[in-house]
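According to full-length UniProt numbering, the sequence shown is numbered sequentially starting from 1.
For every residue, glycine included, the Cβ atom is placed at its ideal position computed from N, Cα and C.
None of the values given here were measured: they were computed from a predicted structure.
Have a look at the structure below before the remarks.
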Amino acid sequence: MLEEFEYNGKAMGTEYFISIVCNSSDLADNIYHIAKNDIEQYESLFSRFIPTSELSILNEKKEMIVSPLFLNVTMKAYRLFTRTRGIFNPLVQVSRLGYDRNFLDIKDDINIDDESIYDLDFSSVSINQDKSLVRLNEGQKLDYGGFLKGYLAEIIVKNIKSSFPDIAGIIVNIGGDIYTQGLDKNGNKFIFNIYNPISKDDVFVTLYDQGLATSGTYKRSWFCFNKKMHHILDITGKQNPESDIVSVSVIHNDGAKAESYTKVFLSMDYKNALELLGEKDISFVIIKKDGKVFKNII
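This is how it looks when you write it as structure tokens:
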């Protein structure tokens with residue numbers, strides 16, 4: 001008999017939740033530990049809050065031969081940068097506005113006066129795939145937080161489903177960036193709720209072998225120089241985009257695209273966003289400051 005076994009933990013500065021639909025608790029436990037190890041490995045490699053992470057070392061040294069896993073993630077970041085025409089940019093340093101530690105440790109008001117060089121030209125980053133060599137310029141620091149959770153959720157789900165084809169379904173949710181494969185214990189598609197922070201209602205969506213990413217301006221906020229800030233910065237990398245949107249959710253077969261595309265929708269009108277991205281099969285839910293919901297579910 002199928003059951004849904006649920007697990008949770010903390011990593012990457014957030015909480016994660018894993019659900020496995022199968023007929024054995026031992027099998028589910030085994031799968032959970034595989035997923036947990038993957039999450040912890042990615043955190044150890046890519047956290048900007050861990051001085052010994054591969055990302056932190058590269059940001060400090062500016063030039064380094066990187067691991068195959070790091071190179072794969074870097075190439076994915078470059079493709080997303082190109083696809084979004086720079087709206088998604090892993091060189092944006094939200095730390096310059098006070099987000100320089102795990103969010104729960106940020107103080108109420110921060111005054112940072114950083115006049116050091118700030119180079120956002122990701123196209124100038126040297127990536128030698130043959131030698132696995134990445135070279136940054138002065139004033140450049142990488143931060144993969146804008147897509148890594150969605151990317152990793154997809155990697156974990158697909159690897160597990162490939163290794164354990166007999167499981168009926170799996171959900172990996174890393175800080176609200178979700179990827180699923182298969183069905184629930186009743187043979188139905190997985191159902192998720194998207195919270196409307198204005199009306200306090202929920203919008204429900206179903207997923208089947210897809211990713212869901214939600215990004216909003218209403219949760220992760222703090223004050224810098226007495227001005228309320230959130231974690232989404234515009235293309236200048238120095239301020240929040242002007243927008244009447246409080247939440248965007250994107251459904252996509254590509255988990256990294258789902259997460260990074262939320263920033264595009266937060267930065268411009270959804271029609272312009274769809275035109276810029278050049279994709280017709282993007283499902284989204286947009287919640288505006290007045291609580292109105294605009295959605296396109298394909």
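Problem set entry | Where residue 299 sits in the DSSP three-state scheme | The question about residue 299 has no answer here: the residues shown for the chain are numbered 1 through 298.
Problem set entry | Among I20, E138 and I170, nearest to E63 - alpha-carbon criterion | E138
Exercise. What residue from S215, V293 and K161 has the CA that sits closest to C22's CA?
Worked result: K161
Problem set entry | Beta-carbon spacing of Y151, E259 below 9 Å | yes
Exercise. Which first and last residues belong to the alpha helix (DSSP H) in which Q41 is found?
Worked result: S25 to F46
For this session: Report yes if the CB atom of D244 is closer than 9 Å to the CB atom of K189, and no otherwise.
Result: no
Exercise. Does the pairing of the region 8-27 with the region 163-174 give three or more beta-carbon distances under 8 Å?
Worked result: yes
For this session: Please list the segments of the alpha helix (DSSP H) lying wholly inside the region 51-92, counting only runs of 4 or more residues, in order along the chain.
Result: 54-61 and 68-83
Exercise. When you compare each of T74, V203, L276 and L277 to N193 by their alpha carbons, which one comes out closest?
Worked result: V203
For this session: Grab me the residues of L274's own chain with a C-beta within less than 8 Å of its C-beta, minus the 5 sequence neighbours each way, in chain order.
Result: K280 and I282
Exercise. Grouping DSSP H, G and I as helix and E and B as strand, with all else coil, what is Y216?
Worked result: Checking the sequence, you will find Gly at residue 216 rather than Tyr. Of the three classes helix, strand and coil, the one that applies to G216 here is strand, per DSSP.
For this session: For G182, count neighbouring Cβ atoms within 10 angstroms of its own Cβ and tell me buried if that reaches 16, exposed if not.
Result: buried
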